[in-house]
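Under this note's numbering, residues 837 to 1145 are what the sequence shown spells out, in order.
Heads up: the structure comes next, in structure tokens.
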Amino acid sequence: MTDTDRSDAADTHSDIVAPPAALDAAKPAKPGTDWWSEIKAIFWLILAVLAFHSFIAKPFYIPSESMMPGLLVGDRLVVSKYPYGWSWVSPSFHIFPRWSGRIWGRMPERGDVVIVTPPGESSDYIKRVIGLPGDTIEVIGGRVFLNGRELRTEQRPPTMIPVDINTPCAGRGYDEYGDFRVRGADGKLYCRLPVVREYLPSGRYYDTLDLGRSTGDDFPRVTVPANRVFLMGDNRDNSADSRFPVSELGLGGPVPWENIGGRAEFITFSLDGSSSYWNPISWFTALRSGRAGTSLRPGQAPVPASGGR
């Protein structure tokens, strides 16, 4: 074979190309989506979130003005589930049948802010614990008597809450008492409300609103039965609580302790009502400043020399 023949043979071999089928077989197969694994992962994630909400802590939205001045409509807060143990109301969706008692339960303290499921209802209220089992509760002229003694009160400077969509300071709950809207030095409207600080025998204290004369200002003496608690809203003239029957959307007296869903801890953020789902910018402009991180635990003053029960 001459040099020319060898050159021609080499050129012929270099032009040989593997068929497409052979190239495809040489490539690694692309794995398909394992939909069953994806579904299981999502399921366990949802289950973990629900378990955390049910047994550790969950967010809560303030829908009414019954806990002003401390809590405003639009506040978002954290409620811890474990301080009092667990009961049928602990799961976020109340899926368990009703039963009496609590698992590893203990009573709240007077002054705690708690969420409660009213008898016969599925949605939660938020109120403050005033009376424990064995206590006597009476309200005379808007003043609370605990175990026969009037709770010490102190007039505080009026609260100045900016008027917004969630706090209009007008309409139901206001009109019968007058107009509380005032113009501030900055030219903005504020809701100027009278504040009364209330002290428990233990020295714990919190601020309440006293707008004027209301039907809840007088409540006959009751003794809180075993395993029940007496609850009141801080907005004493605009709160459906243990002073009012269920027919008036109240709690119908002292509520079973198993209806307590948890303890309110602190505010995470607050919205003034101007936000829109379709306008992401409004999610930020609607934020109320200065409310994030606000503790919802009562203050603590020195215990009076006579002590407190």
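C-beta atoms are modelled at their ideal positions from N, C-alpha and C, and glycine is treated no differently.
This structure is a prediction, so every number in the text was calculated from the model and none was measured.
By the 16-neighbour rule on beta-carbons within 10 angstroms, valine 1091 is buried. By the criterion of a C-beta distance shorter than 6 Å, valine 1139 is surrounded in its chain by Gly1039, once the five residues flanking it on both sides are discounted. Spatial neighbours of proline 1081 in its own chain (CB-CB distance under 6 Å, excluding positions within 5 residues in sequence) are listed in chain order as Gly1088. Take alanine 1137, set aside five residues on each side of it, and the residues of its chain with a beta-carbon closer than 6 Å to its own are Gly1039 and Tyr1041, in chain order. Contact between proline 944 and valine 950 holds: CB atoms are separated by about 6 Å, below the 8 Å threshold.
Excluding residues up to 5 positions away in sequence, Lys963, Leu1067, Met1068, Gly1069, Gly1086 and Leu1087 lie with their Cβ nearer than 7 Å to the Cβ of aspartate 1077 in the same chain. Proximity to phenylalanine 929 across Ser959, Leu907 and Arg946 peaks at Ser959, based on C-alpha coordinates. In the three-state scheme derived from DSSP, where H, G and I count as helix and E and B as strand, proline 1116 is classed as helix. A straight-line Cα-Cα distance of about 59 Å links tryptophan 871 and aspartate 1046. Spatial neighbours of alanine 1100 in its own chain (CB-CB distance under 6 Å, excluding positions within 5 residues in sequence) are listed in chain order as Leu913, Val915, Val949 and Leu1132. A direct Cα-Cα distance of roughly 53 Å separates proline 905 from threonine 869.
Contact between the segment 964-977 and the segment 880-893 is absent, with fewer than three C-beta pairs closer than 8 Å. Counting along the chain, no beta strand (DSSP E) covers isoleucine 892, and no H or E run does either.
Sequence-distant Cβ neighbours of leucine 1036 in its own chain, meaning closer than 6 Å and more than five residues away, are Arg946 and Gly947. Cβ contact annotation for threonine 1121 (same chain, cutoff 8 Å, sequence separation greater than five): Ser1110 and Ser1111, in chain order. For lysine 963, the three-state secondary structure derived from DSSP is strand.
In this structure, Ser923 is the residue among Ser923, Ile898, Ser873 and Ser902 with its C-alpha nearest to the C-alpha of isoleucine 892.
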